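Worksheet: the structure to be examined is printed underneath.
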Amino acid sequence: MTASEYTLSLRIPLAFLLLAACSGPLDSSECLHARTAAMSADAGRGSHAVGDAGGRADVYGGDAASRPPVGSEGEPFTIAVMADAQYADVATHGRRQYRDSLAKLTESVADCNERDLAFVVQLGDAIDRDAGSFAPVQEVFDDLRAPLYHVLGNHDYEVDDAVKAQVPELLGMPAPYHAVTRPGWRFLILDGNDVSTYAHPAGSDALRRSLAYRAEQAPDAPEWNGAIGAEQLAWLEDQLDEAEEAGERVVLFCHFPLRPANTHVLWNADEVLAVLDRHPNVVAWINGHNHRGGYVERNGVHHLTMHGMVDTDDNAYAFLRFTEQTLEVDGVGREENRCLVLP
Ligand SMILES: [Zn+2]
């Protein structure tokens with residue numbers, strides 16, 4: 003964590019104190035009002051640091067003239083996100099209640115079906131282990147009315163070597179990474195297991211390349227994380243360029259966080275952040291993996307970590323409502339409500 007990120011992490015709780023009164027679905031004007039009041043109070047304390055030094059500065063400084071148009075003819079829309087269900091038919095271990103995840107997923111799907119959602123994103127680690135765990139999870143998701151997009155997590159590869167290449171297919175994914183668009187918006191599903199020690203079978207070229215990468219680039223990084231490889235990174239840069247030309251705002255989904263900097267981040271988090279820094283149309287990076295959840299803002303990009311659904315008796319998922327000015331997080335269970343102002 004850099005000094006400015008640390009400063010930010012101290013500032014955010016103050017902002018959210020003003021949101022404590024919010025309950026149930028957030029109202030956009032209420033949300034903006036609370037945030038503006040929080041930021042004014044903060045500015046009064048003489049602090050303007052938002053995110054790392056350099057790059058884009060103030061999220062509130064978003065130049066209205068250069069702001070990309072909001073999606074779908076300016077109509078707000080809502081999606082749902084959930085992370086780390088880690089379903090397995092095995093006994094509870096510590097906070098992880100593996101079997102209970104099916105009931106939690108079923109509850110979240112029923113809740114999603116009560117609402118008008120653009121789509122739902124499952125942020126990875128749908129299963130904890132064994133390829134046989136995918137079918138019961140998929141059966142629950144079969145009842146979902148909204149389109150569903152999966153993100154690949156490290157636990158999704160806790161399967162036999164012979165099955166590893168089929169994991170995206172087992173989840174019904176069109177590809178390990180891909181783009182979803184709607185007017186004014188581009189959503190990118192990323193694969194952070196691309197370069198990793200666990201996603202490729204023994205003896206494969208991909209594993210050999212991954213091990214060489216780790217030895218050279220990330221020798222001390224935990225083996226339960228991975229990296230976004232060169233090819234995917236080039237694709238990401240192209241997508242961000244295209245989105246910029248099309249006047250689209252971009253939201254990225256990955257199983258792994260980039261920030262705050264800790265043992266959960268992608269091996270090449272700094273390299274990915276450098277790509278994001280070149281594209282002011284990126285507004286959010288949304289991930290799972292770190293079950294504790296959390297939030298940090300860096301250079302105008304909202305980095306949102308969702309809580310792990312598998313933990314505890316309580317469920318955890320959220321509805322994200324995108325308006326022209328805000329991203330409103332309507333948390334369920336352990337997931338907090340948040341109101342984030344878009345650049
Ligand atoms: Zn994970």
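All the letters of the sequence shown, read from the start, carry residue numbers 3 to 345 under this note's numbering.
Ideal Cβ positions, reconstructed from N, Cα and C, are used throughout, including at glycine.
Just so it is clear, the structure is predicted and the values come from calculations on it, not from any experiment.
Check                                                                                                  : Outcome
CA nearest to the CA of His309, picked from Val303, Asp163, Ala318                                     : Ala318
Three-state class that DSSP yields for Leu344 in the structure shown                                   : coil
Whether Asn283 touches Glu250 by CB criterion (8 Å)                                                    : yes
Pairwise C-alpha distance: Gln327 and Pro71                                                            : Below a pLDDT of 50, predicted positions are generally treated as unreliable, and Pro71, at 49, falls in that range; the measurement from the model is reported next regardless. Each residue's alpha carbon lies about 10 Å from the other.
Whole-angstrom C-beta distance between Asp145 and Val123, which should lie under 8 Å                   : Val123 to Asp145, Cβ: 17 Å. No contact.
Whole-angstrom distance between Ala137 and Glu1, CA atom to CA atom                                    : Here the chain covers residues 3 to 345 and nothing more, so residue 1 does not appear.
Whole-number beta carbon distance between Asn289 and Pro259, since they are thought to touch under 8 Å : 5 Å
The segment 145-155 contacting the segment 169-189, beta-carbon criterion three pairs below 8 Å        : yes
Cβ pair Ala90, Asp130 closer than 8 Å                                                                  : yes
Proximity test, Asp127 beta-carbon vs ligand 1 heavy atom, cut-off 7 Å                                 : yes
Reduced DSSP category for Glu338 - H, G, I as helix; E, B as strand; rest coil                         : coil
Ligand 1 heavy atom lying under 7 Å from the CB of Asp86                                               : yes
Arg210 versus Val161: straight-line alpha-carbon distance, rounded                                     : 19 Å
Three-state class that DSSP yields for Trp237 in the structure shown                                   : helix
Check: Asn156 C-beta below 7 Å from any heavy atom of ligand 1                                         : yes
Simplified DSSP state of Asn289, which is helix, strand or coil                                        : strand
Beta-carbon spacing of Arg188, Val252 below 8 Å                                                        : yes
Pro308 - partner residues in DSSP beta bridges                                                         : Per the sequence shown, the amino acid found at residue 308 is Met instead of Pro. Its beta-bridge partners do not exist; DSSP assigns none.
Given 8 Å, three or more beta-carbon pairs between the segment 222-231 and the segment 196-212         : yes
CA nearest to the CA of Tyr100, picked from Met311, Phe121, Lys166                                     : Met311
Three-state secondary structure (DSSP) of Tyr297                                                       : strand
Test item: CB-CB of Pro78 and Arg340 under 8 Å                                                         : no
Which listed residue (Leu173, Gly333, Ala120, Ser206) has its alpha carbon closest to that of Glu141   : Leu173
Ligand 1 heavy atom lying under 7 Å from the CB of His152                                              : no
Neighbourhood of Asp118 by C-beta, 6 Å cutoff - its chain only, sequence neighbours within 5 removed   : none
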